[in-house]
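Chemist: Below is the structure I would like to discuss, written out as structure tokens.
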Amino acid sequence: VVFLSMVVAPEQNIAAMTRTEYQRRFNVAASRAIDQLWLFHSRTIDTLKATDLRYSLLTYMQSTSPRPAGPMPQDVGRDERHNAFGSIFQQQVFLDVAARGFHLNPQVEVNGYVIDLVVTGAAGKLAIACDGDRWDTNPDRQHADLLRERELQRSGWKFWRVRESEYNLDPVAALAGLWGELDRRGITPDVAHNAAPGSGWVPVGAREWRFVG
């Protein structure tokens, strides 16, 4: 967790931060945040110049738009293991959700944890946890997964779970609750865009700057 302060005293006149030395400071602070970045500020966007590093960082931090999703894996089958997935079960759920036009990605890493599937829409994201047969009989695995889920929920992630045993009995019934959950969260088909390089925060005027990470 990194705490970054942009607080200035009242009536204090601070010049716009545009020089390379400020780019280095801001980049190091932002890139070192693995789990969370807390930004404390006393200036608002409307009081900063568009060329100011504080303007670009504050604008990025206050943005509510979800990060664009990466491209979906291709040539995914129902019976042959694909290297982008953790199990055949995850592939089967992926294909059922993708068949309805939703954009989703497997094995998404967030804060050191891996989410089985993530559905992305214009209004946000939903994590899908695919609980395989081994999950049902392994208390340690259950505890680890639930701990992971609680940690990610603190970061704003929402989860929907499906069990392989229930899916094998009736795939339609097992996924019935998912469609309503996606609808409640405003996640609709065909609205996600592939992520472009550099979709994270990039300081203004830093096109030639090589970022550390």
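Whatever position you read off the sequence shown (first residue = 1), add 42 for the working numbering.
Backbone N, C-alpha and C define an ideal beta-carbon position, used for all residues, glycine too.
Since we're looking at a predicted model, the values are computed, not measured.
(1) Contact between the region 182-190 and the region 206-221 is defined here as three or more beta-carbon pairs at a separation below 8 Å; is this criterion met?
(2) Quick one: Cα of threonine 106 to Cα of alanine 165, how far?
(3) Secondary structure at threonine 106, three-state DSSP: helix, strand or coil?
(4) Report the partner residues of isoleucine 130 according to the DSSP bridge assignment.
(5) Have a look at leucine 224 and valine 43 and give me their C-alpha separation to the nearest angstrom.
(6) For arginine 226, count the other beta carbons within 10 Å of its own beta carbon; 16 or more makes it buried, fewer makes it exposed. Which is it?
(7) Under the three-state reduction of DSSP, which class applies to arginine 190: helix, strand or coil?
(8) Scan the region 156-221 and note each continuous alpha helix (DSSP H) run of 4 residues or more that stays entirely inside, going in chain order.
(9) Give me the Cα-Cα distance between proline 113 and asparagine 147, rounded to the nearest whole angstrom.
(10) Report the rounded CA-to-CA distance for serine 129 versus tryptophan 202, giving the unit in angstroms.
(11) Leaving out five residues on either side along the sequence, give the residues of the same chain with a beta carbon under 6 Å from the beta carbon of lysine 200.
(12) Give the single residue among Ser47, Thr101, Leu100 whose Cα lies nearest to the Cα of phenylalanine 82.
(13) Quick one, are the C-beta atoms of alanine 171 and aspartate 158 less than 8 Å apart?
(14) In the structure shown, what three-state DSSP assignment does leucine 137 receive?
(15) Give the DSSP-derived three-state secondary structure of serine 98 in the structure shown.
(16) Opposite valine 44 in the DSSP bridges: which residues?
(17) In the DSSP assignment, find the beta strand (DSSP E) that holds proline 148 and state where it starts and stops.
(18) Can you tell me the Cα-Cα spacing of valine 135 and glutamine 149, whole angstroms?
(19) Under a three-way DSSP split, which group does asparagine 69 fall into?
(20) When you compare only the Cα positions, how much space is there between histidine 124 and proline 115?
(21) With 16 other CB atoms within 10 Å as the buried threshold, where does histidine 145 fall?
Modeler: On the basis of the data shown:
(1) No contact exists between the region 182-190 and the region 206-221.
(2) Translated into the one-based positions of the sequence shown, residue 106 becomes position 64. Translated into the one-based positions of the sequence shown, residue 165 becomes position 123. Summary for threonine 106: the model assigns pLDDT 45, below 50, so the residue's position carries little reliability; its value from the coordinates is reported in the next sentence. Looking at the two C-alpha atoms, the distance is approximately 9 Å.
(3) On the sequence shown, position 64 is the one that residue 106 refers to. Low per-residue confidence applies at threonine 106: pLDDT is 45, beneath 50, and the placement is therefore not dependable enough to give any value.
(4) Translated into the one-based positions of the sequence shown, residue 130 becomes position 88. Looking at the DSSP assignment, isoleucine 130 forms no beta bridge with any residue, so it has no partner.
(5) Taking the first residue of the sequence shown as position 1, residue 224 is located at position 182. Taking the first residue of the sequence shown as position 1, residue 43 is located at position 1. Between the C-alpha atoms of leucine 224 and valine 43 there is a straight-line separation of about 30 Å.
(6) Position 184 of the sequence shown, counting from 1, holds the residue named residue 226. With a 10 Å radius around the Cβ and a threshold of 16 neighbouring Cβ atoms, arginine 226 comes out exposed.
(7) Position 148 of the sequence shown, counting from 1, holds the residue named residue 190. Helix at arginine 190.
(8) Positions of the alpha helix (DSSP H) runs, each at least 4 residues long and wholly inside the region 156-221, are given as 175-178, 181-196, 206-211 in order along the chain.
(9) Translated into positions along the sequence shown, residue 113 becomes position 71. Translated into positions along the sequence shown, residue 147 becomes position 105. For the pair proline 113 and asparagine 147, the Cα-to-Cα distance works out to about 8 Å.
(10) If you number the sequence shown from 1, residue 129 lands on position 87. If you number the sequence shown from 1, residue 202 lands on position 160. A straight-line Cα-Cα distance of about 17 Å links serine 129 and tryptophan 202.
(11) Taking the first residue of the sequence shown as position 1, residue 200 is located at position 158. Only residues of its own chain outside the window of five on either side were considered, and among them Leu168 have a CB closer than 6 Å to the CB of lysine 200, listed in chain order.
(12) Residue mapping note: residue 82 aligns to position 40 of the sequence shown, counting from 1. For the residues Ser47, Thr101, Leu100, the minimum Cα distance to phenylalanine 82 belongs to Ser47.
(13) As a working note, residue 171 is residue 129 in the sequence shown. As a working note, residue 158 is residue 116 in the sequence shown. Their beta carbons are under 8 Å apart, which means alanine 171 touches aspartate 158 by this criterion.
(14) Here the question's residue 137 lines up with position 95 in the sequence shown. In the structure shown, leucine 137 falls within a helical segment according to DSSP collapsed to helix, strand and coil.
(15) Counted from its first residue, the sequence shown places residue 98 at position 56. Helix at serine 98.
(16) The residue labelled residue 44 in the question sits at position 2 within the sequence shown. Partner(s): Leu79.
(17) Stepping through the sequence shown from its first residue, residue 148 is reached at position 106. Here the beta strand (DSSP E) through proline 148 covers 145-152.
(18) On the sequence shown, residue 135 is found 93 positions in, with the first residue counted as 1. On the sequence shown, residue 149 is found 107 positions in, with the first residue counted as 1. If I take the Cα positions, the gap works out to 13 Å.
(19) Here residue 69 refers to the residue found at position 27 of the sequence shown. Asparagine 69 falls in the helix class under three-state DSSP.
(20) Residue 124 sits at position 82 when you count from the first residue of the sequence shown. Residue 115 sits at position 73 when you count from the first residue of the sequence shown. Each residue's CA atom was taken as its position, placing histidine 124 and proline 115 some 9 Å apart.
(21) Here residue 145 refers to the residue found at position 103 of the sequence shown. Classification for histidine 145: buried.
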